[in-house]
Amino acid sequence: MQINADSKPYDDINITPMLDLAYVLLVIFIIMTTATVQGQKVNLPKASAAPSLATQTTKAITVANDGKIFLDTIPVTLPELEQRLIQQKALTPEFPVVLRGDAQAQYQSVMDVLDLLGRIGLTQVGLATKPLVK
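With my numbering, the residue at position 67 of the sequence shown is 71, and numbering never jumps.
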């Protein structure tokens with residue numbers, strides 16, 4: 005006795021209706037998110053093209069490979085650096101500091117600056133590095 009191929013059960017899943025549903029849902033989500041972002045139409049004021057008068061509060065301290073210390077781009081000694089940072093802290097109690105040490109700089113020079121920052125009480129200190137290239 006043989007079974008005809010026509011009466012054999014269909015064992016593959018037809019995913020076409022499921023993909024149609026996914027595309028419709030995607031279109032609906034795109035339309036809904038763009039509709040909610042637009043908001044109410046208003047006449048917006050014009051901004052001036054003048055540069056901002058706000059001063060940059062982040063200070064960059066650089067330790068060169070020969071041991072010279074720079075505050076932003078100004079060469080300073082360790083006592084001058086301490087005096088300027090104390091003055092800045094009086095104006096802005098919490099300001100971020102980025103410490104940039106040359107790869108060939110002596111470790112002690114970088115540690116002296118970190119010790120100074122700790123004595124002053126600056127807690128927002130970042131160490132700048134280059135991204136690792138693979």
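C-beta atoms are modelled at their ideal positions from N, C-alpha and C, and glycine is treated no differently.
The model shown is predicted, which means the values in this text are computed figures rather than measured ones.
How would you call residue i, buried or exposed, if buried means at least 16 neighbouring beta carbons within 10 angstroms?
i	result
V67	buried
V28	exposed
For the putative contact between residue i and residue j, defined by C-beta atoms under 8 Å, what is the C-beta separation to the nearest angstrom?
i	j	result
V80	I73	6 Å
L95	V129	About 18 Å; that fails the 8 Å criterion.
I'd like to check one pair, residue j with residue i: are the Cβ atoms closer than 7 Å?
i	j	result
A100	T127	Ala is not the amino acid found at residue 100; the sequence shown has Pro there. Not a contact, by the Cβ cut-off of 7 Å.
I65	V117	yes
L120	E86	yes
Enumerate in chain order the residues of its own chain whose CB-to-CB distance from residue i is below 7 Å, with the five nearest sequence positions on each side excluded.
i	result
I32	none
Q112	none
Within a Cβ cutoff of 8 Å, which residues of the same chain sit near residue i, ignoring the five residues on either side of it in sequence?
i	result
N69	D106, A107, Q108, A109
Below 6 Å CB to CB, which residues in the same chain sit around residue i once its five sequence neighbours on both sides are set aside?
i	result
V137	none
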